[in-house]
Structures are given as structure tokens and as C-alpha cells.
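2 protein chains.
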Amino acid sequence: MFRKICLASLFFFVAGLCAQTLKSPDGSLQMEFSLAADGAPQYTLHYKNKAVILPSRLGFEFKNDKTSMQTGFSLENATTATVDDKWKPVWGEESSIRNHYNELAVTLKQAESKRTLVIRFRLFDDGLGFRYEFPQQKELAHFVIKEEHTQFAMAGDHTAWWIPGDYDTQEYDYSKSKLSEIRGLMANSITANLSQTSFSPTGVQTSLMMKSADGIYINIHEAALIDYSCMHLNLDDKKMVFESWLTPDARGDKGYLLAPSKTPWRTIIVSDDARDVVASKIILNLNDPCKIDDTSFIHPVKYVGVWWEMITGKSTWAYTDELPAVQIGVTDYSKVKPNGKHGANNENVKRYIDFAAENGFDAVLVEGWNIGWEDWFGHSKDKVFDFITAYPDFDVQALHTYAASKNVKIVMHHETSGSTRNYERYMEQAYQFMNDNGYDAVKSGYVGEILPRGENHYSQWTVNHYQYAIEEAAKHKIMLNAHEAVRPTGICRTWPNLIGNEAARGTEYQAFGGSKPNHVAVLPFTRLLGGPMDYTPGIFEMDISKLNPDNHSHVNSTLANQLALYVTLYSPLQMAADLPEHYQRFADAFQFIKDVAIDWDESKYLEAEPGEFVTAARKAKGKQDWYVGSVGGENARTSNINFDFLDKGKEYIATIYADAPEAHYKTNPQAYVIRKVLVNSKSKLTQFVAPGGGYAISIKPSAGQNTKGLKKL
Amino acid sequence: MFRKICLASLFFFVAGLCAQTLKSPDGSLQMEFSLAADGAPQYTLHYKNKAVILPSRLGFEFKNDKTSMQTGFSLENATTATVDDKWKPVWGEESSIRNHYNELAVTLKQAESKRTLVIRFRLFDDGLGFRYEFPQQKELAHFVIKEEHTQFAMAGDHTAWWIPGDYDTQEYDYSKSKLSEIRGLMANSITANLSQTSFSPTGVQTSLMMKSADGIYINIHEAALIDYSCMHLNLDDKKMVFESWLTPDARGDKGYLLAPSKTPWRTIIVSDDARDVVASKIILNLNDPCKIDDTSFIHPVKYVGVWWEMITGKSTWAYTDELPAVQIGVTDYSKVKPNGKHGANNENVKRYIDFAAENGFDAVLVEGWNIGWEDWFGHSKDKVFDFITAYPDFDVQALHTYAASKNVKIVMHHETSGSTRNYERYMEQAYQFMNDNGYDAVKSGYVGEILPRGENHYSQWTVNHYQYAIEEAAKHKIMLNAHEAVRPTGICRTWPNLIGNEAARGTEYQAFGGSKPNHVAVLPFTRLLGGPMDYTPGIFEMDISKLNPDNHSHVNSTLANQLALYVTLYSPLQMAADLPEHYQRFADAFQFIKDVAIDWDESKYLEAEPGEFVTAARKAKGKQDWYVGSVGGENARTSNINFDFLDKGKEYIATIYADAPEAHYKTNPQAYVIRKVLVNSKSKLTQFVAPGGGYAISIKPSAGQNTKGLKKL
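Residue numbers (the numbering used here), protein chains in the order written: chain V, 1303 to 2015; chain P, 1303 to 2015.
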């Protein structure tokens, strides 16, 4: 805790060389704030007396500003506080989340500029968050960030699971390497994307997962990215010091701010147990409480969609192949020749609606329903879509009526092609169109280069756009799932209508050449820490050429692994992404997708190791049912779990969907076995996991069920 | 006219070296289109057999495109047409406008690229317009303009009235020089502006007015600038060849297009009588007909405003001086200390409403009514205004009610500070707010650098924004008067709710150090050709220090010159810009401003010479009254006009407001004389015009009037 003796000394205006220390509630983490000899703010972080962050400097350079905001500070004031409370998310892994931290806020004064800067630290038992605050003051009103200089000095050449730093995409496979090896691996790690801008051979993205030689797991990310540019990390690979590297705007500036204001939180999750990392709620806790008064419109969604057939090339988003380019409001679609492969046609959509209704899904996503897809990406096209005009073969009203008659929603789709002004111009109409036609959720997309031209996907300007869409959607009681937007930073706590994001390599890449088989065992340690991902799992047919003879991609996953993802990749929005006919072929396995819950009272991480395995157990919200999911990585493994999360003395029926012994993500992905057993809180499971495999378990109280013939596990 | 023999040869696919010629309806202008030996399209223009445009090339460079669109063309087709019709503008200098031209459209094929390009020429008796058209074709869909290479090869080292080429402002005094002298005068011609970007020592803006040594007046401008970047002219001052220089976007690109599409028209007005230039309707004629179905909401507006007092520094737009910066939605204005100088307060606005009502004005403009003015420019501030929240001392509803009770409108003011995204986000609400609170006209402003950052005031992106505002305003039946927007190009024909623009150095500069006394004798030859200007004339107190002791600016104009502007600077929107107390001091002169019409059946330019003098006579719409205005330049002159525009045999009373013999814009600007005389169509007037002076005449039929004691002119 904060040392009172030090605070006292401040009253004598002693230069703030004495350190401020702060411990986490359970004492496992300790941080120290101090000013270096040159008046630079700096901090350290220790976990169980081991150094996690070596002395690391904090500060800024402003544009066209004579004084660097990096040195020459003195400590004017320091205050501490302790918070321990709970809050209930609208949806989540837990029905109640504890927010417990000790806080230190240091007020610094720079003699030369006479400016005041506050740095606020919040130390939780599982990590640290800190941010900069610029109070209202005469000496600092409008300012432009040239660079934020926040250091994270590592205590060793850790192992990292990283993706290349990039201003426009996070859709990369993760590389695992020592920090010192990043530079050598960078070029090969940058795979093609429709919009990408890398910036440094040692630049990586957050959230960045690391592990030290002595077994400490360290994760760096940010929380509450609002009207600021997205932070990357650039590594000094001689000193093993990361420094913040903000995403620039069209002119290379990194942020326009105006006091009073504050930066996002910079977060460092730390534990010697990897399960604590994936379970951490620091990032949510550092976000503001919910700002939506009436959240009754927000609900978890399990859905199917007219989507995978276009991703694989079996059908098309576009209605015609006849025109080299189309113009909204000009092209007369009633006069063009249809290509005969348009996925979003009435008949096909009805087929999905029927399938959704029959199998208990909430909704059907339909992409390619609206005009403009003939030349939708790669042209920096301004007025690319209008979001309100359907193709001739998609009858908005009839399909809405049909779906409603079966108690199914259609999920709206707003691909923007990165043309943010165009989307904003239509936004009010588009959301009103949704209100008028029975849509309550929208998937948006930002494929390709951002417009206004010169801006990046992750610059302040565009971050501000994504946030605008969230807030405008909330006004219309619309749930939003934004793809190709900036990676989430826990904003879904404040705006729980943000029920999903992409912002990582999702299942689509399995149809674009395949992802690494351990990709899904990295995501919970990285991408998912900021918020749920619309990963779109549930692929049962791994040979894509069966859908499209021209597409030879292979889904690097076993079928059982696909089932496990519904539990391991937490999201209130879960798709069953494959085609109805594939689910019909594997109806017994499909039963798990039909059964699995998507909102939870409790979550337990039973096993976790980055890139190797993640096993989670979750209790369905308001029910006694539990679901377990476990994914492995490149190699086969044996999972050992016990069921002590179950109510003591209660018997349950567990249905285990697992890889068959001969299963392999590449050669035999559809080999699975399903067995039913009785379990209780004393049960233990030893389960084979194939390469690229996994298993899923549904667990329901046996009371009132037919348990005849079932054996104990 | 088009030579039939040449057209015939095309059927044999002869390379298009044979020239296509076209004459204007009266034969005074003749143009020739041909292909150079290298297949470059080129044209010439002759006026009464004198060369106006020497052979000048036409073409484009596209970005990342292997084939330059400049050479290698063959003529595939050529068609001619003749149009002679009339149309009625919603408001204008004439109640009916004749559109009479011969047209030549050449279809060119580029062998290498297989692309087709159409160039369409329209030759009027007073000038030429031509544009490029890109038909829909497989070989050209999306493309990016690296540069448009449209040449205007001058036949001599003409005298030009020019302002520096600039991507962000037209608010410059005009320089008069030989073309060869532009380079030497450029640096001194670039005076300070809050946003300015010059690009070349020989770059100038359009409309560019020139005069040849043998007395031919030539004006280059453009018409129908829609979703394209604004054209400047860059001079090769060795060869005296101007070339189009488009305004770049944030990345330096000059336009994103998509076939089918067309460029704006490039216009060349030509005559040996300067009066034909100021009277030309080419630019309106080259724009599309009105696209607003119900134009009943559009009406001319004569107004006063809470404006000049802020411009001069007598009062302020801002409510408080207490804060270094404010934040919309954050700053609590009820808790700040007012500065006591806020102009838009209830009491002051009521005073203007009373004055407007008493003197027959339609409306009162009120600037500074809405929160955000404390740090409104110079900071690249994104969310700078919300356009819907009034300062605590401005009661929207009470003032609307008060104004309405006196049959006066309040003109809304939307300063955007160049923050176009912010304006677009609020636009729907802001226009609805106007509808809800009785406003039917808005003055918008774009002071300072454009946001998105990196864009320019005149780039395609921003041009597109201004157009969006016009069209959205029309949906709300709102009239728009945009300041600091791109200079007009006749779009008010298509969108007559665009009742005004600034886009040149307006009266405000008379309070910022003063404009050249002949400035108003240049504007009709340049800025006004594209559409009306909200010049805000009517300043009676030329010594600004009498309003604000700290402001020593002087208005370089006589009072009579100020009166003349209501006629010489045609606009359906005319302000009486000075303070009510100044009008009360000069009530006899003010009578002219009260009387003068602002919409016309007929207009005659009686005298005109760029930068020297302009004398116009206009017949009030639907009435028998005429108004004459005459402005001079730096030196005194004698104006000689006759009244043959009057109905024959009819007697009128003319009230002549003229400079007193001792008047001078600098030393004695308020010396004027008013006399009443009888005139008829045979009357002639010889009238003294002081340096920086002018005169104004109101002419009303004498029938039924008291003519006792009035002498014949």
C-alpha cells in the first residue's frame, strides 16, 4: 500500500525522487512509481517478488510543442484508494464480476511547461492498469500527440505469441518465438490482406501474450480505447523494452486531444498460472459502467447464415457478373443479367430460416442482400453501398414476415468496404430500416482500405467512427458485431450492444488457405481479452473443394475441436457457420451446437497454456447445465480435468463429444466419438485430444432424465 | 458547323487527323477539334477570326495505370447537335434564360488501352464549354486521376486579374498583371489566411479574367463541379499555356472516378465587349436543370445580422473567456463566467429583429448563438459545434416567437470550422432543429483547416461534402449560403436552395485591414460568374476604430459605392451588414437599401471593364421599378449611361445616390449626394464617381407619384 511517510514529504515540496509503491489486494503484485534523476516518470512491476516490468518510462511528445512531456517532472501530489465492488454484465462469462484494486494517482508538474499530468495506476491481483490524465489547465488545451512513450521493459527474452504490428489488420496467424527472434520472423509473418500497413520489423500488436523462462505469464493490452489511436508495441530487441506505438492518421499524427482528457488504460496481466490470464476481467473492469439505460433489447444470439457458401466460393455476394462496376442509384439491377450464383436469394434464405427454426437458432445472417457487391472492394469506392436497397431476388418484407412467423430473426449485414463517411451518411436511415423491418442485430464490415483516404483502420479518426456506430446503434436498440474494426478493449461493458467483433483471423481463413491448428488455443490469451469474437465456428466439412471445386483450402481442425470452440471462445454471439446439409450429415455431433448455451452464470478455466490447450467449463445462465470445451494445438495430448465445479452430491449426465483415436485435423478431421456418462463433483476425466483436436461436453442434472444404461465416468 | 465530309470519312476508319470544326450560333466563335500526330486530342478557339486558344491538348494521367490517357487516340465517331431553348430560374438576374449552343461530341478510342473517351464541346455565342465523358466500358471502371491535362494555350501575354492558386482559400485581393508577371508577383499576392495551401509560383484560380492586347476579354472557369476536385490553372509562362491543376486529396490523388462518369465543364467566355462577360449565362446553362421538385420554400432574402459587430471586434461570438478550451456535451456553460461581450444575446438579437421589422428586412442572421465558440478555430477540433445547443443567453424558442410575431425570420448559422464529419453527423438533427424552430435559411462556414485532416477545402472529398449539405438541406426545405466552401460553378441552377456562397474576399476583409478599392469591380468578372456571392455590403461607417478602438482597419469604399453593390453584385441574398445605429445616422442613404429589389426580371450591363467599373441596371421581378448600380475603382471617373432600357414613352422618378464631388474612399467616404429627377428611355446620365466610389439609382414609374418640383435629368 501507499507509504504515508512518502506522502508526508510532499508537503515540503521535496523533489519526487522517493518512490510510491502500491500492492495488489492480495499482495502478489507490487508496483513502484518514481521519477528518474531527469524527472522522467517511471514505474516497475513485480509479481511474487520477481520483476515483471523493469524500470520503464512514461511520457509523450506533442507535435509542434517546444517541451517534451517526458522529463522535468516533479511530484505534486499522490493519492491512493481501494475499490472492491461487483457489477453485473448484461451478458458475459459470469453473471457477476468483481472489481477489486488498489489505486495510486500521481499528479506531476513539469517545471518548464507548467503543465500538470496525472498518471493513475490500478493494481488488481491479476494485473496492472494505468492511464494518463490531462486535467483542465491554462497551459494545456488542444494538443497533438506525436508519440506516446510508454515503456514496458521486459525482464528477459520471453517467449511471445505475437502477430505483426499493423495499422489496418489483425488477421494474422500467431507466431511463437523468443522476443529476440521477432525481427527474423517478421517478413514471413506478414501474410497478405486486402488492407495492411506494417511499420516496424519489431512491431507487434496487442494484446501480446508472453511467458518468462521462470513461468510467469505476461499480457500487455489496453482498455477503453475511446477517441484515441490504437496502441501497438515496438520492441527494442537489444534491451527487450517495448514502447507504445500509436496508429497515425493521414498526416502521420497520432492523436488530437483536448484537456481535460485521458488516454485508454495500458494493461499488464500477470500470473504464474495461465488460467488466470484467460479468466482475467481487468480489461472489463477498467471500462466505464454500462451507458445504455434500457438494455432489454440486448440478448445473446446463436445463428446460422448465408455466408460460408460465399466465403468458400460456392455462391456469390454479387447478383451479376455482367458489369465491371456498379453505381448506387444509377445501375438498374432489373436490367442486368443475374449470375445465377447469388446466395442471398429468397429461396435460399428461406431454406436457412427453416433450418434455424427447426434447430432452435435465434437468427439467420444474410450477406449479399443489398446492391453494390459487384465491385465492392479494392477500388477505394466512396458510395459503395446504401444499406437499404435489396437486390431484386431478396424480398425484405416477405423474408422478414416469413422469418418472424417462425420466430427467427434475420441478422442485418452492413459491409462498408471501409468507406466510413458513406456509412455514416446512411447510418440513420440504415438503422431505421432495420427497426422498420424487424432486424435487431447487424454485422458490419470494414474490408479494404479506409475512406477518408489516408486514414487507417486503427487511427483515432476511424476508432472514433466505430464508436459512433456503436452509440448510434444503441439509440436504435440495435446490437452490433463489427468486423475488420479495431480490436476490442472491453468497451462492451459500457456499450453491451457491441455483442461481437472480428479483429483477428476468424474461421473464414480456413477457406482462404487454412489457419494454424493451434490458432484457437492462442485467441483466448490475446484477442479475446478485449471482448468476444465472432469467430464463426462449427465447420463440419473440412474439405472446401467439396463446396467449391476451385477452392482447395482445408480447415485445420477436427470436428470435435469445432464443437469445443463454442465453449472455449466465449461469445454471446455464436454462429453455426457451416451449411445446413453438413449439419444434417452429422446430426449427432450437431446436437451439441443446438444444446450449448451462449450466456453464463459462471466460467472456470480448467486447463490453459498459450497455443497448446484451453479447457473451459461454463454454467449456463439461470440453469443447472454446464458445458465444457477443450481445444488442443498442433500435437495430440491428453486432457485431465476434474468436475469439482459441479454441485456437490448431485448427479449429472455428461455427453462427451471427442476426437476418435484416429482423428487428425489434416488427415481425418471428421473422426469423432460421442459417449454419455454419469458425472458428479468428484469425477475426473482423462481425455485424448487429437492433433488440431478437442472435445466438448454437455452436462445436465440427471434428475428426471433417463439414466438407464449410463455408466459413471 | 460540323463538316459532313469529315464525318463520312470516319466510316472508312481513317485515323482522325481531319479536324472537326464547330461554329457558335452567330458565327462569332469557331472551335476546332483535331488529333495531333501522336494521337493527342487538341482544340483551338477563334473569336471573329482571332485566335483565343491556340492548339491545346486534352487528356489525363491515371494513377497506377500503364497507359497515359494523353496520346494514341483515334477518332471513332463525331456527332453534332444544336440546342436553343429557354428556362426559368427560381431566382436570378433574368426571369428567363436562353440556352443556345451548337454541340460537337467526339468519341475517341485509344488503341493501346482499348478505352473510349468522349469529349463534348458546347459552343455558345459568348463562349465554349467542354467536358470529358467516360462511358461504361470493360476497359475502364474505377480509376484515379493523377492529373488532368487540359490546356488553355493563350495567344499572347495577356493582362490578367488573378488570385493565387490555393487548395484552401479564395480570400485574396486580385492582382492585375501581364501573365508573364504572375511569377514575380506571386509571393506578395499570398496574404495570410487561417487555411491556405498554394502550390505553384504560376498557379492561379478560376474564374480567371484576362484581356488581350487587341481587346478580347477571355475568362476561364468551370461549370457543374460535382464529385470532382476543383480546377486551378498552372501557367507555363514561357509558352503562355495554362494547364488544369486539380486539387489533391490527403494522399495527393486528384480524383476517384468510376465509369460511366463525366468531368465538370471547362468554360472559356470570350467577347470584345466586357459587358458580355459579366452578363454571360454559359455557366448556368452548362449545369443540369433544377432537381428540386417543390421550390416554393426558396425565396430571396434581404437581411441584417448580429455579425459585423463580431467581425470588427466590438462584440464576440464566444460566451466566456474563462476557459482555454471547451467540450461539447462536457462544458457546463451555466457554471462559467460570461465575458459580457457576447453578441448573440436575447436583448441584442431583439434589437436587430425590431430593426429588421421596422425597415422591411426579411431576416436577421445571428452568429455565435450556439455553444463552442471559445476555441472554435485553429485547433483542428473534431467535435467543435453541435449546431443545436444555444448559449444560456440565447433563447431559441422565445426569439423565434418574437421574430415571427414581427414577420421576421432568423437566419441559422452553422460554422463547421472545417470539421466536415462532425457537421455531417449533426446535419440531420441540425436541419430538423431548423424546421422545428422556424428557420428556413442557414449560413454555413468552413473557417480553418478541413477535417478529415489532410483534406483540402477544394478536394473532391470536400467538394462532395458541400454538395451533400446542399442536397440534405433541400430535403428539409432549407436555403443554404455556404462560406469558405469551394467557389460556385453554377450549381445553383440545379439546386436553387444554394442561394449564396462566399468563396472570395468579402466585406469582412474591410475590417481585417481593408480590401483594394477596385475589388468589387473585379468580382463580377470572376467570382460572380459561378453564382451569387454573400458579399455582405452596406457598410456606412468606414472607420472601424469607432466600433472597436483596437481595430484600426478602414473600409476602402465610399458610402455610395456600398449602395451600388446591391445592384452590381447580383445576389438573391443581400445583407445590410452594418450596425442599425449607423443606418439610423444615414437614414436618407439607407432608404436605397430598404428599397432595392433582390430578384429580377431583366438585367443590363451598361458599362463594364475589369477592375475599373461595372454599371448594371436591373428590373425588379414582377414590377416596373428599375435599379442601377455603378462601382468604380482606384481612381475617379465619369460614368455615362443612357436609360434606353426603360419602357418607351414612360416617365419615371429616379433617385440618384452618388458620391459628392469631394468624396474619396480613404479620406472622405461618407460624402454623398442624393437627388431626385425625372427620367425616360431617352434620358442620359453623366455621373461623377469618386475614387473607390459609385452610385445607385432607384427608378420608379412616376404615374401616381408626386413629381412636383422634380426636374428632368
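Beta carbons: idealized from backbone N, C-alpha and C, even for Gly. Quantities reported herein were computed from a predicted structural model and do not represent experimental measurements.
Quiz item: Does V1446 of chain P come within less than 9 Å of chain V when only Cβ atoms are used?
Solution: Here the question's residue 1446 of chain P lines up with position 144 in the second sequence. Taking Cβ atoms only, chain V reaches closer than 9 Å to V1446 of chain P, which makes this a yes.
Self-check item: Nearest-angstrom beta carbon gap, T1504 of chain P and E1524 of chain P [assumed within contact, 8 Å]
Solution: Against the second sequence, residue 1524 of chain P aligns to sequence position 222. Against the second sequence, residue 1504 of chain P aligns to sequence position 202. Contact flag wrong, Cβ pair sits at about 19 Å.
Practice problem: Verify whether the separation of the beta carbon atoms of G1557 of chain V and E1435 of chain V is less than 9 Å. | Solution: By 1-based counting over the first sequence, the position of residue 1557 of chain V is 255. By 1-based counting over the first sequence, the position of residue 1435 of chain V is 133. No; because the gap between Cβ atoms is not below 9 Å, this pair is not in contact.
Self-check item: For E1909 of chain V: DSSP bridge partner residues
Solution: In the first sequence, residue 1909 of chain V corresponds to position 607, counting from 1. Partner(s): V:T1917.
Quiz prompt | Euclidean distance between Cα positions of Q1731 of chain V and Q1332 of chain V | solution = Looking up residue 1731 of chain V in the first sequence gives position 429. Looking up residue 1332 of chain V in the first sequence gives position 30. One C-alpha to the other measures close to 52 Å.
Exercise. Spell out the partners DSSP gives G1431 of chain P in its beta bridges.
Key: Reading the second sequence from its first residue, position 129 is the one you call residue 1431 of chain P. G1431 of chain P pairs with P:R1424 and P:T1569.
Quiz item: With a cut-off of 9 Å, does the C-beta of R1305 of chain P fall near any C-beta of chain V?
Solution: Numbered from 1 along the second sequence, position 3 holds the residue referred to as residue 1305 of chain P. Because R1305 of chain P carries a pLDDT of 36, less than 50, the predicted location of this residue cannot be relied on, and no value is offered for it.
Quiz item: Can a CB atom of chain V be found closer than 9 Å to the CB of R1433 of chain P?
Solution: Residue 1433 of chain P sits at position 131 when you count from the first residue of the second sequence. Not one chain V Cβ lies under 9 Å of R1433 of chain P.
Self-check item: Members of the segment 1852 to 1880 of chain V that neighbour chain P once the beta carbon cut-off is set at 7 Å
Solution: Residues passing the 7 Å Cβ filter: none.
Exercise. Let me know the secondary structure DSSP gives L1481 of chain V once reduced to three states.
Key: The count along the first sequence starts at 1 and reaches residue 1481 of chain V at position 179. Helix at L1481 of chain V.
Exercise. Closer than 8 Å by beta-carbon distance: list the chain V residues that pair up with K1683 of chain P, in chain order.
Key: Within the second sequence, residue 1683 of chain P is the residue found at index 381, counting from 1. Those within 8 Å of K1683 of chain P in chain V are H1444, Y1558 and L1560.
Exercise. Determine the burial state of E1883 of chain V: buried for a count of at least 16 other Cβ atoms within 10 Å of its Cβ, exposed for fewer.
Key: Along the first sequence, read from residue 1 onward, the residue named residue 1883 of chain V stands at position 581. Under this definition E1883 of chain V is an exposed residue.
Quiz item: Per DSSP, S1746 of chain V is paired with what?
Solution: Working through the first sequence from its first residue, we reach residue 1746 of chain V at position 444. In the DSSP output, where bridge partners are listed per residue, S1746 of chain V has V:H1716 and V:A1784.
Practice problem: With DSSP as the reference, label E1649 of chain P as helix, strand or coil. | Solution: The residue you call residue 1649 of chain P lines up with position 347 of the second sequence. Note: E1649 of chain P maps to helix in three-state DSSP.
Quiz item: Interface residues of chain P around Q1629 of chain V at Cβ under 9 Å?
Solution: Here residue 1629 of chain V refers to the residue found at position 327 of the first sequence. The contacting residues are L1560, P1562 and S1563.
Quiz item: How about N1766 of chain V: is its C-beta nearer than 9 Å to some C-beta of chain P?
Solution: Within the first sequence, numbered from 1, the residue matching residue 1766 of chain V stands at position 464. Yes, N1766 of chain V lies at the interface with chain P (some Cβ there is under 9 Å from its Cβ).
Practice problem: State the beta-bridge partners of M1835 of chain V as determined by DSSP. | Solution: As a first step, residue 1835 of chain V must be located in the first sequence, where it is residue number 533. Paired residues: V:N1803.
Quiz item: Are the C-beta of A1526 of chain V and some C-beta of chain P separated by less than 9 Å?
Solution: If you number the first sequence from 1, residue 1526 of chain V lands on position 224. No, no contact with chain P.
Quiz prompt | Where the segment 1723 to 1739 of chain V meets chain P: residues whose CB sits under 8 Å from a CB there | solution = For the segment 1723 to 1739 of chain V, which is checked against every Cβ of chain P, the residues closer than 8 Å are R1723, E1726, R1727 and E1730.
Quiz prompt | Whole-Å CB distance - L2027 of chain P paired with A1455 of chain P, under 8 Å assumed | solution = Because chain P here runs from 1303 to 2015, residue 2027 of chain P falls outside it and cannot be looked at.
Quiz item: So the beta strand (DSSP E) Y1954 of chain V belongs to, where does it begin and stop?
Solution: Residue mapping note: residue 1954 of chain V aligns to position 652 of the first sequence, counting from 1. That run of the beta strand (DSSP E) goes Y1954 to D1961.
Quiz prompt | For Y1868 of chain P, the three-state DSSP class (helix, strand or coil) | solution = Position 566 of the second sequence holds residue 1868 of chain P. Y1868 of chain P falls in the helix class under three-state DSSP.
Practice problem: Give me whichever residues DSSP pairs with A1605 of chain P in a beta bridge. | Solution: Residue numbering aside, residue 1605 of chain P sits at position 303 when the second sequence is read from its first letter. Ala is not the amino acid found at residue 1605 of chain P; the sequence shown has Tyr there. In DSSP, Y1605 of chain P forms a bridge with P:A1665 and P:M1877.
Quiz item: Is DSSP giving D1387 of chain V helix, strand or coil here?
Solution: Counting from one through the first sequence, the residue named residue 1387 of chain V turns up at place 85. Residue state, collapsed to three classes: strand.
Quiz item: How close, in whole Å, do the beta carbons of A1878 of chain V and A1998 of chain V come, if the pair is a contact with beta carbons under 8 Å?
Solution: Reading the first sequence from its first residue, position 576 is the one you call residue 1878 of chain V. Reading the first sequence from its first residue, position 696 is the one you call residue 1998 of chain V. Their Cβ separation, rounded to whole angstroms, is 13 Å, which puts A1878 of chain V and A1998 of chain V out of contact at 8 Å.
Practice problem: To the nearest angstrom, report how far apart V1869 of chain V and M1488 of chain V are at their CA atoms. | Solution: The residue labelled residue 1869 of chain V in the question sits at position 567 within the first sequence. The residue labelled residue 1488 of chain V in the question sits at position 186 within the first sequence. C-alpha separation (whole angstroms): 32 Å.
Exercise. Give a yes or no on whether the minimum CB-CB distance between K1440 of chain V and chain P is below 9 Å.
Key: Against the first sequence, residue 1440 of chain V aligns to sequence position 138. So yes, K1440 of chain V belongs to the interface.
Quiz item: Just checking, does the segment 1473 to 1489 of chain P make contact with the segment 1574 to 1582 of chain P on the three C-beta pairs under 8 Å criterion?
Solution: With the cut-off at 8 Å, the segment 1473 to 1489 of chain P and the segment 1574 to 1582 of chain P do not touch.
Quiz item: Taking the C-alpha atoms as reference points, what is the distance between G1996 of chain V and K1906 of chain V?
Solution: Residue numbering aside, residue 1996 of chain V sits at position 694 when the first sequence is read from its first letter. Residue numbering aside, residue 1906 of chain V sits at position 604 when the first sequence is read from its first letter. Roughly 17 Å between the two C-alpha positions.
Quiz item: Does the beta-carbon of G1913 of chain V have 16 or more other beta-carbons within 10 angstroms, so that it is buried, or is it exposed?
Solution: As a working note, residue 1913 of chain V is residue 611 in the first sequence. G1913 of chain V should be labelled buried.
Quiz prompt | Under 9 Å between C-beta atoms of L1782 of chain P and A1771 of chain P | solution = Locating residue 1782 of chain P in the second sequence gives position 480, where the first residue counts as 1. Locating residue 1771 of chain P in the second sequence gives position 469, where the first residue counts as 1. Here L1782 of chain P is near A1771 of chain P, since their CB atoms are less than 9 Å apart.
Quiz item: Beta-carbon separation of A1784 of chain V and K1745 of chain V under 9 Å?
Solution: Counting from 1 along the first sequence, the entry for residue 1784 of chain V is found at position 482. Counting from 1 along the first sequence, the entry for residue 1745 of chain V is found at position 443. Taking 9 Å as the cut-off, the beta carbon of A1784 of chain V is found closer than this to the beta carbon of K1745 of chain V.
Exercise. Go ahead and pull the three-state DSSP assignment for N1853 of chain V.
Key: Taking the first sequence and counting its residues from 1, one reaches residue 1853 of chain V at position 551. Residue state, collapsed to three classes: coil.
Quiz item: Can you tell me the Cα-Cα spacing of Q1412 of chain P and R1568 of chain P, whole angstroms?
Solution: Here residue 1412 of chain P refers to the residue found at position 110 when the second sequence is read from its first residue. Here residue 1568 of chain P refers to the residue found at position 266 when the second sequence is read from its first residue. The straight-line gap from Cα to Cα measures roughly 22 Å.
Practice problem: Could you check how far apart the C-beta atoms of V1916 of chain P and P1826 of chain P are, in whole angstroms? I think they sit under 8 Å. | Solution: Within the second sequence, numbered from 1, the residue matching residue 1916 of chain P stands at position 614. Within the second sequence, numbered from 1, the residue matching residue 1826 of chain P stands at position 524. Correct: roughly 5 Å between the Cβ atoms.
Practice problem: Give the secondary structure of F1814 of chain P by DSSP, where H, G and I count as helix, E and B as strand, and everything else as coil. | Solution: Walking along the second sequence from the start, residue 1814 of chain P turns up at place 512. Correct three-state label for F1814 of chain P: coil.
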